[in-house]
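Student: Okay, handing you the structure first.
Residue numbers (the working numbering), protein chains in the order written: chain X, 85 to 465; chain F, 85 to 465.
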């Protein structure tokens with residue numbers, strides 16, 4: 085077991101109508117609020133109005149930046165930061181899913197400087213300060229509401245990269261399961277795929293942390309039990325709440341304490357698919373994971389079988405992989421490339437972009453032949 | 085699922101030699117350190133010297149209070165607070181197990197006032213401020229290192245009471261599994277019994293929180309796998325580390341989020357045994373729990389069976405209880421009164437004290453006939 089520190093500064097407000105505490109939470113932090121959101125779904129489901137009511141209560145001055153894409157791009161980050169800089173915002177309020185909050189995290193770093201936020205993500209400079217960030221989450225998936233990570237795309241450099249920094253933990257995050265009632269069936273499922281993948285990326289990381297492994301099993305078993313029920317009952321409060329809390333728990337540190345690192349090879353591979361074809365993140369993960377597991381069968385057979393025994397009651401590594409596919413199918417997530425409409429003819433382009441992006445995993449290193457085999461499995465029958 | 089907030093302010097420093105960060109952690113908080121510890125075991129195992137070296141590094145002024153008992157008493161709390169008050173200490177450093185840290189938590193509230201700390205515990209007054217507390221943990225058991233709870237005895241009023249207040253979270257806690265190497269076999273086992281009981285008290289609380297239930301299973305299964313191995317290999321770093329982290333996780337909020345409350349009836353019953361006969365806390369819990377479960381069999385049969393199926397692979401509520409006893413025996417913890425040397429002749433005294441202490445559970449209310457039956461089970465063959 086590795087040394088670790090538990091020090092997660094995000095205050096998580098979870099449950100029915102927690103938005104009612106938003107105003108009094110923001111007031112002591114700042115008056116000039118940069119409100120960041122996506123393509124407007126929050127205007128349809130009432131969340132925008134509820135947020136504005138809170139901001140009015142505390143007589144906040146508000147500047148808005150909307151239109152963040154579901155695979156967020158650096159152009160939006162830089163444009164929003166420009167607005168925030170001119171407005172001299174002293175707090176950022178991100179209302180939306182992972183893409184909005186991830187973008188807001190980099191906006192928080194970019195407002196105080198005079199260059200593109202990409203320099204932080206590409207590790208070309210070191211962040212020294214951040215505008216305080218508060219989030220209102222409307223999609224259960226990425227766990228960004230309680231962690232220090234962000235993922236953003238850059239189409240100029242053809243990269244989709246993850247970034248981590250303690251400065252970008254949200255100060256407060258508000259999670260009302262009711263705000264996820266209008267998330268459609270498919271994106272609800274992709275969120276579940278995403279949270280399961282986060283737990284697995286930690287499980288397949290480096291180091292012996294058996295209690296963290298058990299927390300991984302717990303989270304995935306929760307997703308397996310609740311996920312299919314939720315897809316059949318999208319406005320069930322308890323199902324929404326349980327998936328929402330599972331998503332936060334999958335990537336707020338709990339599945340990582342005591343490890344050297346997570347793996348994140350599957351995420352790296354999936355990011356390339358999203359970058360090239362704008363495929364939803366969760367859908368890329370459910371396609372890549374079985375293929376990655378098949379490639380890793382010989383390298384880490386015991387580890388895969390242990391996972392399968394504890395999560396699926398599976399008797400072998402192959403049975404584990406089939407069980408994983410079965411689970412993904414039970415929540416209507418794709419497990420092969422044809423199900424996300426990407427033909428075999430794209431294989432070379434994908435491989436080349438993966439090599440260009442230096443996709444190489446972390447704990448379990450990926451070389452060109454690994455990636456080729458994984459792609460073959462992704463296209464297999 | 086109930087609304088909840090995750091906001092645990094304790095920074096947990098976990099692992100080998102984390103004590104090396106103690107000095108630089110204390111320095112910005114205060115210069116005048118009230119050092120609180122127990123009966124001197126930390127002078128034998130080197131922890132005292134390591135702590136003093138850190139305090140010297142930052143040229144701290146130190147006042148000491150030692151002799152905290154393993155079932156801590158309010159007299160020590162008040163005497164230590166008196167010293168801290170005269171010394172004008174601006175930080176408290178508690179070095180020891182749960183009794184030392186629990187005492188230090190109430191000392192932290194008592195230094196700023198001019199009356200006994202018992203007034204806080206007995207809810208006769210409201211705490212308004214606390215001297216900042218830092219802990220160095222030397223026994224894996226109570227979870228006090230990362231929570232807002234303390235338990236103290238008062239022999240004058242014949243009470244052992246729990247108390248909770250956000251003011252008494254330690255600011256930082258240092259957990260080096262090496263510092264628990266010298267904990268003897270029996271107290272190591274009592275610590276495991278205690279952490280298991282904490283997870284169960286939450287499980288048998290009120291409200292539907294299925295992911296928190298799964299975290300309970302995870303923690304107990306970890307204790308079941310590692311506990312017996314640790315008892316056979318008391319200086320094994322990984323076993324010590326895993327039990328230590330399990331103990332923290334059992335009562336730092338993780339097993340409680342989403343519930344209305346925990347139960348704590350078993351703790352209330354156990355506290356009376358400790359109060360009367362100075363029985364180690366963990367040993368009282370392993371005796372009371374099977375008896376409590378037998379009494380609750382008819383009230384919550386499904387809940388007990390679910391627990392048993394998930395933790396012990398048990399097929400019924402009775403099989404669950406027998407499996408629990410089997411687990412406790414596997415770590416050499418007592419499960420009947422004769423094993424802790426309390427004869428049947430004491431039954432009336434115990435019952436009377438339980439009634440005097442108003443032991444009545446929380447989620448699952450305990451009435452006199454419940455307590456009588458539980459006592460009978462505790463004395464049964």
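Heads up, the beta-carbon is just placed ideally off N, CA and C, and yes, glycines get one too.
One question on the structure: do residue 212/F and residue 93/F come within less than 9 Å of each other, judged by their Cβ atoms?
Tutor: Your numbering for residue 212/F matches position 128 in the second chain. Your numbering for residue 93/F matches position 9 in the second chain. Against a cut-off of 9 Å, the Cβ pair of residue 93/F and residue 212/F comes out as no contact.
Student: For residue 394/F, report the span of its alpha helix (DSSP H) as first-last.
Tutor: Taking the first residue of the second chain as 1, we reach residue 394/F at position 310. It spans 385–396 - the alpha helix (DSSP H) in which residue 394/F sits, taken as one unbroken run.
Student: Could you check whether the Cβ of residue 393/F sits closer than 9 Å to any Cβ belonging to chain X?
Tutor: Taking the first residue of the second chain as position 1, residue 393/F is located at position 309. Taking Cβ atoms only, chain X never reaches closer than 9 Å to residue 393/F, which makes this a no.
Student: Can you tell me whether DSSP reads residue 223/X as helix, strand or coil?
Tutor: By 1-based counting over the first chain, the position of residue 223/X is 139. Looking at residue 223/X - three-state DSSP - the assignment turns out to be coil, as it is neither helix nor strand.
Student: Going residue by residue through the segment 150–175 of chain X, where are the continuous alpha helix (DSSP H) segments of at least 4 residues, counting only ones entirely within it?
Tutor: 158–171
Student: Anything in chain X within Cβ reach of residue 82/F, meaning under 8 Å, just list it in chain order.
Tutor: Any property of residue 82/F remains undetermined from this structure, which presents chain F solely from 85 to 465.
Student: Please report the distance separating the alpha-carbon of residue 300/F from that of residue 395/F.
Tutor: Numbered from 1 along the second chain, position 216 holds the residue referred to as residue 300/F. Numbered from 1 along the second chain, position 311 holds the residue referred to as residue 395/F. Roughly 9 Å separates the two Cα atoms.
Student: Cutting at 8 Å between CB atoms, please list the residues of its own chain near residue 160/F, excluding the five before and the five after it.
Tutor: Looking up residue 160/F in the second chain gives position 76. Result list for residue 160/F: 149, 151, 152, 153 and 187, in chain order.
Student: Looking at residue 229/X: is its Cβ nearer than 9 Å to the Cβ of residue 183/X?
Tutor: Working through the first chain from its first residue, we reach residue 229/X at position 145. Working through the first chain from its first residue, we reach residue 183/X at position 99. Against a cut-off of 9 Å, the Cβ pair of residue 183/X and residue 229/X comes out as no contact.
Student: Compare the C-alpha of residue 381/F against each of 261/F, 404/F, 287/F and 421/F and name the closest.
Tutor: As a working note, residue 381/F is residue 297 in the second chain. Out of 261/F, 404/F, 287/F and 421/F, 404/F has the C-alpha closest to the C-alpha of residue 381/F.
Student: On the DSSP letters alone, give me the boundaries of the alpha helix (DSSP H) that residue 96/F sits inside.
Tutor: Along the second chain, one-based indexing puts residue 96/F at 12. Per DSSP, residue 96/F lies in no alpha helix (DSSP H) segment; the continuous beta strand (DSSP E) that holds it begins and ends at 95–98.
Student: Does the beta-carbon distance from residue 446/X to residue 376/X come in below 9 Å?
Tutor: Here the question's residue 446/X lines up with position 362 in the first chain. Here the question's residue 376/X lines up with position 292 in the first chain. Not closer than 9 Å, so no.
Student: Roughly how many angstroms separate the alpha carbons of residue 339/X and residue 227/X, rounded to a whole number?
Tutor: Indexing the first chain from 1 puts residue 339/X at position 255. Indexing the first chain from 1 puts residue 227/X at position 143. Whole-angstrom Cα-Cα distance: 12 Å.
Student: Taking beta-carbon pairs under 8 Å, can you tell me which members of the segment 296–319 of chain F lie near chain X?
Tutor: 298, 299, 301, 302, 303, 305, 306, 309 and 310
Student: Please go through the same chain and pick out, in chain order, the residues whose beta-carbon is closer than 8 Å to the beta-carbon of residue 437/F, but skip the five residues on each side of it.
Tutor: Counting from one through the second chain, the residue named residue 437/F turns up at place 353. Cβ neighbours of residue 437/F beyond the five flanking positions: 242, 356, 359 and 360.
Student: Applying a beta-carbon distance threshold of less than 7 Å, which residues of chain F neighbour residue 85/X?
Tutor: Taking the first chain and counting its residues from 1, the one referred to as residue 85/X is at position 1. In chain order: 322, 325 and 326.
Student: Please classify residue 140/F as buried or exposed, where buried requires at least 16 neighbouring CB atoms within 10 angstroms.
Tutor: Position 56 of the second chain, counting from 1, holds the residue named residue 140/F. Classification of residue 140/F: exposed, given that the 10 Å Cβ count is below 16.
Student: At what residues does the alpha helix (DSSP H) containing residue 286/F begin and finish?
Tutor: Translated into the one-based positions of the second chain, residue 286/F becomes position 202. Segment 269–287, the alpha helix (DSSP H) holding residue 286/F.
Student: From 286/X, 176/X, 224/X and 305/X, pick the residue whose C-alpha is nearest to that of residue 269/X; which is it?
Tutor: What you label residue 269/X is simply residue 185 of the first chain in a count that begins at 1. Nearest C-alpha to residue 269/X: 224/X.
Student: By how many angstroms is the C-alpha of residue 365/F removed from the C-alpha of residue 452/F?
Tutor: The residue labelled residue 452/F in the question sits at position 368 within the second chain. The residue labelled residue 365/F in the question sits at position 281 within the second chain. Taking the straight line from one Cα to the other gives about 22 Å.
Student: Does any CB atom of chain F fall closer than 9 Å to the CB of residue 92/X?
Tutor: By one-based count along the first chain, residue 92/X stands at place 8. Yes, its Cβ sits closer than 9 Å to a Cβ of chain F.
Student: Against residue 292/F, what residues of chain X qualify as contacts under a CB-to-CB distance less than 8 Å, listed in chain order?
Tutor: The sequence position of residue 292/F within the second chain is 208, counting from 1. Chain X residues near residue 292/F: 322.
Student: Do residue 122/F and residue 181/F have their CB atoms nearer than 9 Å?
Tutor: Here residue 122/F refers to the residue found at position 38 of the second chain. Here residue 181/F refers to the residue found at position 97 of the second chain. Against a cut-off of 9 Å, the Cβ pair of residue 181/F and residue 122/F comes out as a contact.
Student: What are the residues in the segment 267–290 of chain F lying within 8 Å of chain C by C-beta distance?
Tutor: Absent from the structure: chain C. Protein chains present are X and F.
Student: Work out the CA separation of residue 302/X and residue 285/F for me, nearest whole Å.
Tutor: Along the second chain, one-based indexing puts residue 285/F at 201. Along the first chain, one-based indexing puts residue 302/X at 218. One C-alpha to the other measures close to 19 Å.
Student: Please state whether the Cβ-Cβ distance between residue 276/F and residue 327/F is less than 9 Å.
Tutor: Along the second chain, one-based indexing puts residue 276/F at 192. Along the second chain, one-based indexing puts residue 327/F at 243. Contact flag set, yes.
Student: Spatial neighbours of residue 423/F within its chain, please: C-beta separation below 8 Å, excluding the five flanking residues on both sides.
Tutor: Your numbering for residue 423/F matches position 339 in the second chain. Within the same chain, residue 423/F has close Cβ partners 371.
Student: Pick helix, strand or coil for residue 315/X, following the three-state DSSP scheme.
Tutor: As a working note, residue 315/X is residue 231 in the first chain. The answer is helix: DSSP assigns residue 315/X an H, G or I state.
Student: Is the Cβ of residue 102/X closer than 9 Å to any Cβ of chain F?
Tutor: Working through the first chain from its first residue, we reach residue 102/X at position 18. So, interface residue.
Student: For residue 90/X, which beta-bridge partners are listed by DSSP?
Tutor: Position 6 of the first chain, counting from 1, holds the residue named residue 90/X. Here residue 90/X is bridged, per DSSP, to 96/F.
Student: Scan the segment 370–455 of chain F and note each continuous beta strand (DSSP E) run of 3 residues or more that stays entirely inside, going in chain order.
Tutor: With a minimum length of 3 residues, no continuous beta strand (DSSP E) run stays inside the segment 370–455 of chain F.
Student: Can you confirm whether the segment 85–104 of chain F touches the segment 85–92 of chain X when touching is taken to mean that 3 or more C-beta pairs between the two stretches lie within less than 8 Å?
Tutor: yes
Student: Which value, in whole angstroms, describes the spacing of the CA atoms of residue 112/X and residue 290/F?
Tutor: Numbered from its first residue, the first chain carries residue 112/X at position 28. Numbered from its first residue, the second chain carries residue 290/F at position 206. Looking at the two C-alpha atoms, the distance is approximately 34 Å.
Student: Within the same chain, show all residues whose beta-carbon is closer than 6 Å to that of residue 288/X, passing over the 5 residues directly before and after it, in chain order.
Tutor: The residue you call residue 288/X lines up with position 204 of the first chain. Same-chain partners within the cutoff: 347.
Student: Taking all protein chains shown into account, decide if residue 199/X is buried (16 or more other Cβ within 10 angstroms of its Cβ) or exposed.
Tutor: The residue you call residue 199/X lines up with position 115 of the first chain. So residue 199/X ends up on the exposed side.
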